[in-house]
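Residue numbers (our numbering): 2 to 332.
We put the CB at the ideal spot given by N, CA and C, even for glycine.
Quick caveat: nothing in here was measured; it's all calculated off a predicted structure.
Shown next as structure tokens:
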């Protein structure tokens, strides 16, 4: 006979068979059924790079209140990181702090629970990890001003493009440094972030910072010598893809589609193609061949792209952006 579930007089669920075993020293405790809450899954999954580079391990949320994060600079990038971290549960919003002279920026951070302090010096003093998120041309003056507030137990993380670790160390007088290059899709939790460690950064520092940036996308660890190329590819890359989406949508309009439909199809097609590359592990060339039938429509379109130098143009764009980043880094 199958077991049946019934509710006893105490409001507990029991089975008719087998009978529950009662522990002689314990009384049954009625526990309410809690709603299912999905655990936050960080975007920091493993990814493959060349032998010189390696992907970081998946970000695992650390215990609440285990460390405090302060943002020096409260612009859009800082807000994206802070929102992602708070939403993921890596640390609670109450463990994040920042300061800004403009009320609208303070209100933006305060709206999701971030503590607002009077100035950046207090942010540094009250934080274990300080994320420097100011414009590159401001980094030197900001660090020189904050130099007296850095103590050896604090970790300084810079997301300023083109600013090398040696410069950060010189201006801050601090050696426990990490440099991170995220990109703008951090605003929607799909950033591609590359990290490099300063000489005094510890494994624990790397794990903590990886967990923070894993909350807004995926992270990799690479040598600093690759950072100009990282900027040329993933830093500037979203703009290349926006241009491609716009061009595809314009092509759809030229072929007779309504603008809204053309733009929706173009953006979703790019999103889906990227997911195919990421999720299948197949080379893009394999996926391209799989949808390219002999004498079909796709190969006709690819032929036109090749005649226009599509691949070579994209490659040249990455190289040109890399060279420009090198020029800016050396000025």
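If you check the CB distance, residue 160 and residue 210 do not come in under 8 Å. Under the DSSP assignment, residue 179 falls in the beta strand (DSSP E) whose first and last residues are 178 to 182. Counting C-beta atoms within 10 angstroms of its own C-beta, residue 307 has fewer than 16 neighbours from the protein chains shown and is therefore classed as exposed. Annotated three-state conformation of residue 167 is helix, per DSSP. Between the alpha carbons of residue 110 and residue 197 lies a distance of about 27 Å.
Residue 73 sits close to residue 131, with the two beta carbons spaced by under 8 Å. For residue 103, there is no enclosing alpha helix (DSSP H), as DSSP marks it with neither H nor E.
At least 8 Å separates the beta-carbon of residue 156 from that of residue 224. For the stretch 214 to 273, the continuous beta strand (DSSP E) assignments of 3+ residues that do not extend past its boundaries occur at 218 to 222, in sequence order.
With respect to the 8 Å criterion, residue 133 and residue 172 are not classified as neighbours on the basis of their beta carbons. Residues 285 and 288 of the same chain have their beta carbon placed closer than 7 Å to that of residue 278, with the five preceding and five following residues left out of the count. A direct Cα-Cα distance of roughly 19 Å separates residue 318 from residue 303. By the CB criterion at 8 Å, residue 246 and residue 271 fall inside the cutoff. By the Cβ neighbour-count rule, residue 153 is exposed, with fewer than 16 other Cβ atoms within 10 Å of its own. Residue pairing from DSSP places residue 98 in a beta bridge opposite 71 and 116.
In this structure, residue 182 and residue 151 do not form a Cβ contact; the two beta carbons are roughly 22 Å apart against a cut-off of 8 Å. Distances from the alpha-carbon of residue 331 to those of 84, 164 and 136 put 164 closest. Annotation: residue 159 is outside any alpha helix (DSSP H); the continuous beta strand (DSSP E) that includes it extends over 156 to 159.
Within 10 angstroms of the beta-carbon of residue 103 lie fewer than 16 other beta-carbons, which makes it exposed. Note on residue 67: under 16 other CB atoms within 10 angstroms of its CB, so exposed under the neighbour-count rule. Of all alpha-carbon atoms in 140, 248 and 236, the one lying nearest the alpha-carbon of residue 193 is that of 236. Its chain contains 69, 71, 98 and 118 as the residues whose beta carbon lies nearer than 7 Å to that of residue 127, once the 5 sequence neighbours on both sides are disregarded; these appear in chain order. Here residue 178 is near residue 166, since their CB atoms are less than 8 Å apart. Checking the DSSP bridge columns, you'll see residue 198 partnered with 179. In this structure, the straight-line span from the alpha carbon of residue 195 to that of residue 162 is close to 12 Å. Taking 8 Å as the cut-off, the Cβ atoms of residue 315 and residue 243 do not count as close.
With contacts defined by Cβ atoms closer than 8 Å, residue 100 and residue 120 form a contacting pair. When DSSP states are grouped into helix, strand and coil, residue 162 belongs to the coil group. If you check the CB distance, residue 81 and residue 187 come in under 8 Å. In the three-state reduction of the DSSP assignment, residue 92 falls in the coil class, being assigned neither a helical nor a strand state. Distances from the alpha-carbon of residue 139 to those of 168, 115 and 149 put 168 closest.
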